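Visitor: Note that the protein sequences, when read in sequence, are chains A and B.
Just so we're on the same page, our numbering is the position in the first sequence counted from 1, plus 23.
Just so we're on the same page, our numbering is the position in the second sequence counted from 1, plus 23.
Number of protein chains: 2
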Amino acid sequence: MMECRESRAMDRGGHVQTYEPTEKTRVTRIPDRGKYDAETVHAILDEGFVCHVGFVADGQPFVIPTLYARVGEEILFHGSAASRMLREVSEGVAVCLTVTLVDGIVLARSAFHHSMNYRSVVALGTALPVTSEEEKMSAMHAFTERIVAGRWKDVRIPTSQELRATTVLRLPLSEVSAKIRTGAPKDEEADYALPVWAGVIPLLQVHALPIPDPKLPANIPVPRYAVGYSRKLAR
Amino acid sequence: MMECRESRAMDRGGHVQTYEPTEKTRVTRIPDRGKYDAETVHAILDEGFVCHVGFVADGQPFVIPTLYARVGEEILFHGSAASRMLREVSEGVAVCLTVTLVDGIVLARSAFHHSMNYRSVVALGTALPVTSEEEKMSAMHAFTERIVAGRWKDVRIPTSQELRATTVLRLPLSEVSAKIRTGAPKDEEADYALPVWAGVIPLLQVHALPIPDPKLPANIPVPRYAVGYSRKLAR
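Take a look at the structure:
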């Protein structure tokens, strides 16, 4: 089972500056790629909005994609997609929540050194259900605003019944690490002489023009946050 | 532990047509979103190239992003990123391999019905290491060609030493399901009268112009597969 303990270094204002790497989160294979500072971890978490949550049920691992939002030193995520997880959740469930941003395909001169540029965060810990109506409302606000900033003021907010039907889990950021690969391929010294193109194909997620709901009256304008959508704006 | 059994329906030519849903893979919450036919599962797997592999070590779930390639009824994936997993792998390791393609953000009239358009595949099973040099070479070929079609003929192929240093795992497609959400938001009947814009912000992954390795001589042209990169072409 998970060990529960403090593994964060804070500044005088109580803000987390670094997450102490543990045996489980330390990047061992290519240590240079490991990052443990809060700024890097937060930036990756705030650019993404889909995570992959791993949990164990009857010895079987499950990995489920779901929406999330970082709020301070917690990740809030939808638990409804993982009903299996929630059968065992009253005292919390051990999870691994991973966020991956794919930045490019790295073409090396040798097949062996082909790689991917990416930024990822792996957060381990015990996820707990958000129970009070007030906290659930606040979580719904965070999901909405972190995914589309400016949206909350326009929508019909959740009823008590909807909040009861919403399963939200919270995972404190404690045992967490980031891993980043950037830049050009790293080839074997002898291979640099080969007449083979090498470099990076950058990949990025973009939005297209919003598609209105066919049931939408024609006189409702498209909001600016939908036309000019960007993960950078959502942060 | 995983139950090991046949759960696929094949046609007369021995091609898998559908994966029998099991208690673990059946989509229960919104059953209409579950798909179990091989065509749908293969199409999602072939459009993606980054998966999230979940496994359990000492009771702790881990979820690691890694590159993969589907070859027939198997998924091949890099195991080197998950050295923890491999300590226990000689007889195979229970994994959940999940691939998620994010297609859009669904803006409903109510906060509660906001959602995501996506296509995902969840594959459960026992991953086994690829051991022979010949099979590893074939796996490296598959990785390279599935990620950038046409690349293999240009690169320096792996040496025996590189193949020994490469950890590749194979997961047979057996207990597998797809889940898809498409189209407009689904709002509560009364909310359709609200003067709130609703619709979908489509999201897609695109490539930018290739960035040459700074160490590349100027006389080596950019290959067509790097300039006109597309996941559709890679399929």
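Cβ atoms here follow ideal geometry from the backbone N, Cα and C, with glycine treated the same way.
Nothing here was measured: the structure is a model prediction, and the numbers come from that model.
At least one CB of chain B closer than 8 Å to the CB of Glu29(A): is that the case?
Guide: As a first step, residue 29(A) is located in the first sequence; it is residue number 6 there, counting from the start. With a pLDDT of 49 at Glu29(A), under the threshold of 50, the modelled position of that residue is not reliable, and the figure given next carries that caveat. Judged by the 8 Å Cβ criterion, Glu29(A) is not in contact with chain B.
Visitor: Buried or exposed: where does Asp210(A) fall if 16 or more other Cβ atoms within 10 Å of its Cβ makes it buried?
Guide: Working through the first sequence from its first residue, we reach residue 210(A) at position 187. Classification for Asp210(A): buried.
Visitor: For the alpha helix (DSSP H) holding Asp69(B), just list the boundary residues, first then last.
Guide: Within the second sequence, the letter at position 46 stands for residue 69(B). Per DSSP, Asp69(B) belongs to the alpha helix (DSSP H) from Ala61 to Glu70.
Visitor: Buried or exposed: where does Thr205(A) fall if 16 or more other Cβ atoms within 10 Å of its Cβ makes it buried?
Guide: Against the first sequence, residue 205(A) aligns to sequence position 182. When all chains shown are included, Thr205(A) counts as exposed.
Visitor: Can you check whether the CB of Val144(A) is closer than 8 Å to the CB of Ala201(A)?
Guide: In the first sequence, the residue the question calls residue 201(A) occupies position 178. In the first sequence, the residue the question calls residue 144(A) occupies position 121. Cβ distance < 8 Å, so Ala201(A) and Val144(A) count as in contact.
Visitor: Are Pro195(A) and Glu97(A) close, meaning C-beta to C-beta below 8 Å?
Guide: Along the first sequence, read from residue 1 onward, the residue named residue 195(A) stands at position 172. Along the first sequence, read from residue 1 onward, the residue named residue 97(A) stands at position 74. Going by C-beta atoms, Pro195(A) is nearer than 8 Å to Glu97(A).
Visitor: Ignore the nearest five residues each way along the sequence and tell me which others in Phe72(A)'s own chain have a CB closer than 8 Å to its CB.
Guide: On the first sequence, position 49 is the one that residue 72(A) refers to. Only Leu90, Tyr91, Ala92, Arg169, Ile170, Arg254 and Ala257 meet the Cβ criterion.
Visitor: Apart from the five residues just before and just after Ser133(A), which ones in its own chain have a Cβ nearer than 7 Å to its Cβ?
Guide: Reading the first sequence from its first residue, position 110 is the one you call residue 133(A). Contacts found: Asp210, Glu211 and Asp214.
Visitor: Residues of chain A with CB closer than 7 Å to the CB of Glu185(B), please, in chain order.
Guide: Taking the first residue of the second sequence as 1, we reach residue 185(B) at position 162. Within chain A, the residues near Glu185(B) are Phe135.
Visitor: Thinking C-alpha only, which one of Ser183(B), Ser138(B) and Leu147(B) is nearest Lys159(B)?
Guide: Here residue 159(B) corresponds to residue number 136 of the second sequence, with the count starting at 1. Checked all of Ser183(B), Ser138(B) and Leu147(B); the closest Cα to Lys159(B) is Ser183(B).
Visitor: For the stretch 214-231 of chain A, enumerate the residues whose C-beta is nearer than 7 Å to any C-beta of chain B, in chain order.
Guide: Asp214, Tyr215, Leu217, Pro218, Val219, Trp220, Ala221, Gly222, Val223, Ile224, Pro225, Leu226, Leu227, Gln228, Val229, His230 and Ala231
Visitor: Just to confirm the assignment: which complete alpha helix (DSSP H) runs, minimum length 4, are found wholly within the stretch 122-174 of chain A?
Guide: 156-170
Visitor: What does Val223(A) pair with, by DSSP beta-bridge criteria?
Guide: Here residue 223(A) corresponds to residue number 200 of the first sequence, with the count starting at 1. Paired residues: Val129(A) and Ile234(B).
Visitor: Between Ile128(B) and Pro225(B), what straight-line distance do the alpha-carbon atoms span, to the nearest angstrom?
Guide: Counting from 1 along the second sequence, the entry for residue 128(B) is found at position 105. Counting from 1 along the second sequence, the entry for residue 225(B) is found at position 202. Going by the C-alpha atoms only, they are around 7 Å apart.
Visitor: Apart from the five residues on each side of it in sequence, which residues of its chain come closer than 6 Å, Cβ to Cβ, to Thr167(A)?
Guide: Working through the first sequence from its first residue, we reach residue 167(A) at position 144. Excluding residues within five positions, the ones whose Cβ falls inside 6 Å are Arg174 and Trp175.
Visitor: Out of Gly37(A), Gly36(A) and Thr41(A), state which residue places its alpha-carbon closest to the alpha-carbon of Ser197(A).
Guide: Indexing the first sequence from 1 puts residue 197(A) at position 174. The residue with the shortest Cα to Cα distance from Ser197(A) is Thr41(A).
Visitor: Per DSSP, what kind of secondary structure is Ser117(A) in: helix, strand or coil?
Guide: If you number the first sequence from 1, residue 117(A) lands on position 94. Here the sequence assigns Ala to residue 117(A), which means Ser is not the residue at that position. Strand, per DSSP.
Visitor: Suppose contacts are defined by Cβ-Cβ distances below 8 Å. Is Arg142(A) in contact with Ile203(A) by that definition?
Guide: Numbered from its first residue, the first sequence carries residue 142(A) at position 119. Numbered from its first residue, the first sequence carries residue 203(A) at position 180. Against a cut-off of 8 Å, the Cβ pair of Ile203(A) and Arg142(A) comes out as a contact.
Visitor: Within the 8 Å Cβ cut-off, does Asp55(A) reach chain B?
Guide: If you number the first sequence from 1, residue 55(A) lands on position 32. Chain B contact via Cβ: absent.
Visitor: Could you tell me whether any Cβ in chain A is nearer than 8 Å to the Cβ of Ser161(B)?
Guide: Reading the second sequence from its first residue, position 138 is the one you call residue 161(B). Output row for Ser161(B): interface = no.
Visitor: For the beta strand (DSSP E) that contains Ala249(B), what are its first and last residues?
Guide: By one-based count along the second sequence, residue 249(B) stands at place 226. Counting along the chain, no beta strand (DSSP E) covers Ala249(B); the unbroken alpha helix (DSSP H) around it starts and ends at Arg247 to Val250.
Visitor: DSSP state of Ala241(A), grouped into three classes?
Guide: Mapped onto the first sequence, residue 241(A) falls at position 218. DSSP places Ala241(A) in the coil class of the three-state scheme, outside both helix and strand.
Visitor: Do the stretch 221-238 of chain A and the stretch 230-246 of chain B touch if we need at least three Cβ pairs shorter than 8 Å?
Guide: yes
Visitor: Could you give the residue range of the beta strand (DSSP E) that holds Ala201(A)?
Guide: Position 178 of the first sequence, counted from the start, is the residue given in the question as residue 201(A). Run containing Ala201(A): Glu198 to Arg204, per the beta strand (DSSP E) assignment.
Visitor: Tell me which residues share the same chain as Arg35(A) and place their Cβ nearer than 8 Å to its Cβ, disregarding the 5 neighbours each side in the sequence.
Guide: Locating residue 35(A) in the first sequence gives position 12, counting from the first residue. Counting only Cβ-Cβ distances below 8 Å, and skipping sequence neighbours, we find nothing.
Visitor: What would DSSP say about Glu212(A), mapped onto helix, strand or coil?
Guide: Stepping through the first sequence from its first residue, residue 212(A) is reached at position 189. Helix at Glu212(A).
Visitor: Cβ of Asp126(B) less than 8 Å from any chain A Cβ?
Guide: As a first step, residue 126(B) is located in the second sequence; it is residue number 103 there, counting from the start. It does not: the Cβ of Asp126(B) has no partner Cβ on chain A nearer than 8 Å.
Visitor: Terminal residues of the continuous alpha helix (DSSP H) containing Leu99(B)?
Guide: As a first step, residue 99(B) is located in the second sequence; it is residue number 76 there, counting from the start. In the DSSP annotation of this structure, Leu99(B) is not part of any alpha helix (DSSP H); the continuous beta strand (DSSP E) holding it starts and ends at Glu97 to His101.
Visitor: List, in order along the chain, the chain A residues whose C-beta lies closer than 7 Å to that of His65(B)?
Guide: The residue you call residue 65(B) lines up with position 42 of the second sequence. Near His65(B) there are no residues of chain A at all, since even the closest Cβ is about 19 Å away, more than 7 Å.
Visitor: What residue from Glu70(A), Val153(A) and Arg187(A) has the CA that sits closest to Thr123(A)'s CA?
Guide: As a working mapping, residue 123(A) is identified with position 100 in the first sequence. Measuring from the Cα of Thr123(A), the nearest candidate turns out to be Glu70(A).
Visitor: Taking C-alpha atoms, which residue in Asp126(A), Val118(A) and Gly95(A) lies nearest to Met139(A)?
Guide: The count along the first sequence starts at 1 and reaches residue 139(A) at position 116. Looking at the Cα atoms, Asp126(A) is the closest of the given residues.
Visitor: Taking C-alpha atoms, which residue in Ala146(A), Leu232(A) and Ala131(A) lies nearest to Ala249(A)?
Guide: Counted from its first residue, the first sequence places residue 249(A) at position 226. The candidate whose alpha carbon is nearest that of Ala249(A) is Leu232(A).
Visitor: Determine whether the Cβ of Tyr141(B) lies closer than 8 Å to any Cβ atom of chain A.
Guide: Here the question's residue 141(B) lines up with position 118 in the second sequence. Interface residue (Cβ-Cβ distance to chain A less than 8 Å): Tyr141(B) is classified as such.
Visitor: Round the Cβ separation of Val86(B) and His75(A) to the nearest angstrom and send it over; I've been treating them as touching at under 8 Å.
Guide: The residue labelled residue 86(B) in the question sits at position 63 within the second sequence. The residue labelled residue 75(A) in the question sits at position 52 within the first sequence. About 5 Å separates the two Cβ atoms, so the contact holds.
Visitor: What are the boundary residues of the alpha helix (DSSP H) that includes Leu186(B)?
Guide: Mapped onto the second sequence, residue 186(B) falls at position 163. Ser183 to Ala188 is the span of the alpha helix (DSSP H), which, as asked, contains Leu186(B).
Visitor: Tell me, which residues are paired with Ala80(B) by DSSP?
Guide: Here residue 80(B) is taken as the residue at index 57 of the second sequence, counted from 1. For Ala80(B), which the question treats as bridged, DSSP gives the partners Gln83(B).
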